[in-house]
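I have placed the structure first, in the form of C-alpha cells, so that the comments after it can refer back to it.
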Amino acid sequence: MNLLISILSFLGFQACGPRTCQIAYNSLETTGQEVDIGSTANGGNAIAQSFYVASATTLKSIALKLQKSGTVATGHTLSVTIVNDNSDNPTGSTLSTTMTLQTDSITTTSAYYTLTPTEFSISSGTYWILIVSSYPVSASGFIKAAAHDGTTGDYTYGKAKYRLSDGTTWSTLNIGTLRDIVFEVGC
Numbered sequence: 315m316n317l318l319i320s321i322l323s324f325l326g327f328q329a330c331g332p333r334t335c336q337i338a339y340n341s342l343e344t345t346g347q348e349v350d351i352g353s354t355a356n357g358g359n360a361i362a363q364s365f366y367v368a369s370a371t372t373l374k375s376i377a378l379k380l381q382k383s384g385t386v387a388t389g390h391t392l393s394v395t396i397v398n399d400n401s402d403n404p405t406g407s408t409l410s411t412t413m414t415l416q417t418d419s420i421t422t423t424s425a426y427y428t429l430t431p432t433e434f435s436i437s438s439g440t441y442w443i444l445i446v447s448s449y450p451v452s453a454s455g456f457i458k459a460a461a462h463d464g465t466t467g468d469y470t471y472g473k474a475k476y477r478l479s480d481g482t483t484w485s486t487l488n489i490g491t492l493r494d495i496v497f498e499v500g501c
C-alpha cells in the first residue's frame, strides 16, 4: 500500500485526510483563515462548501478539519448533509442522510473528523457540504473549520459560504470569494 501511495505521489496525485479515495478535496490550509460555524462574526449558525464531481460515483464519507474555539455548551451537534447546488447557493434538495457530530468530541486542536452517510450515487455536477450548528450563535464559543485563503494554489471547483442570521441568505462577504474549507469527499 505504501508503495502504491509513493507511486501516485510521484505521478502528481495527492491524498489528504484519512482516506485515499477522494471524489473531491481541498487539503490546503492557511493558518488564521478558519471559517467560524455559529459565531457572531458571521452572524449565522451554518457554513457550506461547494465541490464539483466530474463523473458519476458513489459518495461514502465526508471528512472535515475542525477545532473548537472557546467553550461550546455541552450536548450540541454539527449536522452535515450534502445538498444540490441552487444558483451558486447550498439551497438545493438534500441528497444524503444527515450526519451528526457531537461538538463535545471536537478538540481545541485542529483535526480531521470523518462522517459516514448512507452511501448514495451522485452524477456529474456541483454539490455542497452543508454544516449547521445546534448551539446558540456566540462571540466566544463556536467551532472553526480549517480553511485556505485562496490567494495561491486554491481549490478552483468550489467556495465556502456562511449563512446570515436571517436564516436564508448566504454570503462570502466576511470571508472572501476565494476561501475554501479543508474537506474531503470520499468514495
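Numbering (the working numbering), first residue to last: 315 to 501.
We treat Cβ as the ideally placed atom computed from N, Cα and C, and that holds for glycine.
Check	Outcome
Tyr-366 to Tyr-471 span [Cα, whole Å]	6 angstroms
Inter-residue spacing [alpha-carbon to alpha-carbon] between Val-386 and Thr-417	7 angstroms
Ser-419 (DSSP reduced to helix, strand or coil)	helix
Closest residue to Ser-437 among Ser-393, Ala-370, Arg-493 and Val-349 (Cα-Cα distance)	Ala-370
Beta carbon of Asn-340 nearer than 8 angstroms to that of Asp-494	yes
Nearest-angstrom Cα separation, counted from Lys-458 out to Ile-420	10 angstroms
For Tyr-449, the residue or residues it bridges with in DSSP	Tyr-449 pairs with nothing; no bridge assigned.
For Ser-485, the nearest candidate out of Ala-368, Val-349 and Ser-435 (CA to CA)	Val-349
Alpha carbon of Ile-445 to alpha carbon of Ala-360, nearest angstrom	6 angstroms
Bridge-paired residues (DSSP) for Thr-354	Looking at the DSSP assignment, Thr-354 forms no beta bridge with any residue, so it has no partner.
Between the CA atoms of Gln-336 and Ala-368 - distance to the nearest angstrom	12 angstroms
Neighbourhood of Thr-395 by C-beta distance below 6 angstroms, restricted to the same chain and skipping five residues each side	Thr-408, Ser-410, Thr-412 and Leu-444
Spatially closest choice to Gly-358 from Ala-453, Phe-497, Thr-466 and Ala-460, by CA coordinates	Ala-453
Uninterrupted beta strand (DSSP E) stretches inside the stretch 366-435 (no shorter than 3 residues)	371-373, 375-383, 391-398, 413-416 and 425-429
is_contact[Asn-356, chain C] using C-beta, thresh 8 angstroms	Included in the structure is just one protein chain, with no chain C present.
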